[in-house]
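Start counting the sequence shown at 3; every next residue gets the next number (our numbering).
Just so you know, even glycine gets a beta-carbon here, dropped at the ideal spot from N, CA and C.
Everything below concerns the one structure shown next.
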Amino acid sequence: MTDEERRAEELEPKIKALGGFLTAASLPNGTTARMDPGVAGMLAEAIVRWQDGDVWEAGRWVPRGEVMPTPEAGDVLVESLAEGSVVKMTHRPTGLVALGEDVQETWNDLRRKVKDHGDDAHGA
Numbered sequence: 003m004t005d006e007e008r009r010a011e012e013l014e015p016k017i018k019a020l021g022g023f024l025t026a027a028s029l030p031n032g033t034t035a036r037m038d039p040g041v042a043g044m045l046a047e048a049i050v051r052w053q054d055g056d057v058w059e060a061g062r063w064v065p066r067g068e069v070m071p072t073p074e075a076g077d078v079l080v081e082s083l084a085e086g087s088v089v090k091m092t093h094r095p096t097g098l099v100a101l102g103e104d105v106q107e108t109w110n111d112l113r114r115k116v117k118d119h120g121d122d123a124h125g126a
């Protein structure tokens, strides 16, 4: 069993419980949500995975820090180069690029570049 399969198995009870709840959740306005069980299950998995630090991207679950925008960075493309030994991140709105040996190092470098670019653009 792969790590991903083991992780999916561990999360399954939470996903099923939340999915069941979402099909007929009592809402604060006094009504009841009526959600299709299939949609509720997919939404539940997305929520549970989000809480566990993952998002669905390009057909697989990936750590959300690799793909999710942040207020200071915006839309970011993450690529693995040189058989995984280099991480390349491109800030799509500005075209700024950062390269590093791991995601965290590259992410920090790109955030700094984007912040510096924003400060320069606003005369700071």
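Report, in whole angstroms, the separation of the C-beta atoms of residue i and residue j, which I expect to be a contact under 8 Å.
i: Thr92; j: Leu79; result: 4 Å
i: Glu46; j: Leu20; result: The sequence shown places Ala at residue 46, not Glu. The Cβ separation is near 4 Å, so the contact holds.
Suppose you measure from the CA of residue i to the CA of residue j; what does that come to, to the nearest Å?
i: Pro65; j: Asp56; result: 4 Å
i: Pro73; j: Gln106; result: Per-residue confidence for Pro73 stands at a pLDDT of 49, beneath the threshold of 50, marking its modelled position as unreliable; the derived number appears in the next sentence. For Pro73 and Gln106, the distance between alpha carbons rounds to 17 Å.
i: Met37; j: Ser87; result: 44 Å
i: Leu98; j: Leu29; result: 44 Å
i: Glu14; j: Thr25; result: 17 Å
i: Arg62; j: Asp118; result: 33 Å
i: Gly18; j: Gly120; result: At residue 18 the sequence reads Lys, which differs from the Gly that was named. Computed Cα separation, rounded: 44 Å.
i: Glu7; j: Thr108; result: 28 Å
i: Leu112; j: Val69; result: 13 Å
i: Arg51; j: Gly32; result: 28 Å
i: Met44; j: Arg9; result: 16 Å
i: Gln53; j: Arg94; result: 26 Å
i: Gly40; j: Asp5; result: 25 Å
i: Ala27; j: Lys16; result: 16 Å
Relative to the C-alpha of residue i, which candidate in the options has its C-alpha closest?
i: Glu59; options: Glu12, Thr96, Leu20 and Glu81; result: Glu81
i: Glu103; options: Glu85, Met37, Ala46 and Ala48; result: Glu85
i: Phe23; options: Trp63, Ala35 and Met3; result: Ala35
i: Thr96; options: Asn110, Trp109 and Asp77; result: Asp77
Would residue i and residue j be called neighbours here (beta carbons separated by less than 9 Å)?
i: Arg101; j: Lys115; result: Inspection of the sequence shows that residue 101 is occupied by Leu rather than by Arg. Their beta carbons are not under 9 Å apart, which means Leu101 does not touch Lys115 by this criterion.
i: Pro3; j: Glu12; result: The residue asked about is misnamed: residue 3 is Met in this sequence, not Pro. Result no, Cβ atoms of Met3 and Glu12 do not sit closer than 9 Å.
From the DSSP output, in three-state form, read off residue i for me.
i: Arg62; result: strand
i: Met37; result: coil
i: Ala10; result: helix
i: Leu98; result: strand
i: Glu85; result: helix
i: Asp56; result: strand
9 Å is my cut-off, CB to CB: does residue i come that close to chain C?
i: Gln106; result: No chain C is present in this structure, which holds just one protein chain.
Any heavy atom of the ligand COA closer than 8 Å to the beta-carbon of residue i?
i: Lys16; result: The ligand COA is not part of the structure shown, which contains no ligands of any sort.
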